[in-house]
Amino acid sequence: MKKIGILAIQGDFEEHKLVLKKLGVDYKFVKEKRDFEDIHGLIIPGGESTTFRKIIRNYSLEEEIIKWRNDKKPTFGTCAGIIIMSSQILNDEEGFGYGFLDIVIERNAYGRQRESFIAEVEYNFNHRAKVAFIRAPIIRKVNKGEAIARLNGRPVGIQDENFIGITFHPEITGDIKLHEYFLKLVNSSG
Ligand code: GLN
Numbered sequence: 462m463k464k465i466g467i468l469a470i471q472g473d474f475e476e477h478k479l480v481l482k483k484l485g486v487d488y489k490f491v492k493e494k495r496d497f498e499d500i501h502g503l504i505i506p507g508g509e510s511t512t513f514r515k516i517i518r519n520y521s522l523e524e525e526i527i528k529w530r531n532d533k534k535p536t537f538g539t540c541a542g543i544i545i546m547s548s549q550i551l552n553d554e555e556g557f558g559y560g561f562l563d564i565v566i567e568r569n570a571y572g573r574q575r576e577s578f579i580a581e582v583e584y585n586f587n588h589r590a591k592v593a594f595i596r597a598p599i600i601r602k603v604n605k606g607e608a609i610a611r612l613n614g615r616p617v618g619i620q621d622e623n624f625i626g627i628t629f630h631p632e633i634t635g636d637i638k639l640h641e642y643f644l645k646l647v648n649s650s651g
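Here the working numbering is used: position 120 in the sequence shown is 581, and no number is missing along the way.
Pasting the structure below:
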């Protein structure tokens with residue numbers, strides 16, 4: 462059985478664990494280098510992208526993450542997850558992420574009054590779900606990849622082969638369809 466790793470250095474990794482448990486999937490928390498050894502897919506949860514990058518560096522995980530990307534291993538990032546997966550980040554001190562997805566993303570882009578909200582998104586596999594946007598980013602430009610989820614017609618999730626990034630949290634409102642979709646991707650990749 463394939464095993465999913467959840468990056469568990471910060472953010473809402475516990476919620477992702479609950480979804481994987483519900484789906485009966487083998488999972489583990491990824492906190493250090495050797496945790497990458499026996500996993501087949503990686504979930505990067507929501508949290509705070511600037512903190513994520515700091516901890517990734519402090520724990521010497523950066524090299525492992527870049528290797529993971531270069532090997533094109535299945536990766537699913539939500540919110541802060543998609544931010545650090547992006548090639549270019551607006552409203553950010555560093556301005557660039559790990560480049561899993563060739564997109565331009567803007568952090569904290571919904572403005573104060575709409576910082577957090579629940580809305581219905583439409584997936585490209587015939588499913589609609591209510592999900593949470595929490596100090597979410599906005600995808601400003603897609604250089605490569607396809608919209609896997611849309612909000613009012615605009616892309617809020619991108620897939621490029623084995624990499625999926627979404628700007629929202631399906632795990633908080635209990636929508637498990639995207640995790641299911643990711644598992645299929647993990648199972649179909651070698
Ligand atoms: N605003 C956060 C950031 O820039 C993302 C918020 C989230 O992951 N829910 O990293």
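Glycine included, every Cβ here is placed at the ideal spot set by N, Cα and C.
Cβ neighbours of residue i in the same chain (closer than 6 Å, five flanking residues each side left out)
| i | result |
| --- | --- |
| residue 563 | 548, 604, 605 |
| residue 596 | 569, 576 |
| residue 537 | 504, 625, 643 |
| residue 468 | 491, 505 |
| residue 512 | 471 |
| residue 602 | 565 |
| residue 455 | Residue 455 lies beyond the range of the chain shown here (462 to 651); nothing can be said about it. |
| residue 607 | 620 |
Contact check, residue i vs residue j, beta carbons under 9 Å
| i | j | result |
| --- | --- | --- |
| residue 643 | residue 530 | no |
| residue 578 | residue 593 | yes |
| residue 598 | residue 566 | yes |
| residue 544 | residue 521 | no |
| residue 508 | residue 541 | yes |
| residue 555 | residue 514 | yes |
| residue 627 | residue 617 | yes |
Residue i beta carbon near the ligand GLN (any heavy atom closer than 8 Å)
| i | result |
| --- | --- |
| residue 513 | yes |
| residue 509 | yes |
| residue 535 | no |
| residue 686 | No answer is possible for residue 686: it lies beyond the span of the chain, which begins at 462 and ends at 651. |
| residue 630 | yes |
| residue 597 | yes |
| residue 530 | no |
| residue 472 | yes |
| residue 539 | yes |
| residue 542 | yes |
| residue 568 | yes |
Residues of its chain near residue i, where Cβ-Cβ distance is below 8 Å and the 5 sequence neighbours each way are ignored
| i | result |
| --- | --- |
| residue 466 | 488, 489, 490, 491, 496, 497, 500, 502, 503, 504 |
| residue 476 | 506, 630, 632, 633 |
Residue i - partner residues in DSSP beta bridges
| i | result |
| --- | --- |
| residue 594 | 578 |
| residue 588 | 584 |
| residue 621 | 624 |
| residue 615 | 612 |
| residue 502 | 465 |
| residue 607 | 620 |
| residue 547 | 562 |
Own chain residues within Cβ distance below 7 Å of residue i, not counting five before or after
| i | result |
| --- | --- |
| residue 651 | none |
| residue 480 | 632, 637, 640 |
Contact test: residue i Cβ vs the ligand FMN heavy atom, cutoff 8 Å
| i | result |
| --- | --- |
| residue 582 | The ligand FMN is not among the ligands present in this structure, which contains only the ligand GLN. |
> Are the segment 492–502 and the segment 573–588 touching, with three or more C-beta to C-beta distances below 8 Å?
Replying inline: Fewer than three pairs of CB atoms, one per stretch, sit closer than 8 Å, so the segment 492–502 makes no contact with the segment 573–588.
> So does the segment 550–564 actually touch the segment 628–646, counting three or more Cβ pairs closer than 8 Å?
Replying inline: Segment contact: the segment 550–564 against the segment 628–646, fewer than three CB-CB distances shorter than 8 Å; contact not assigned.
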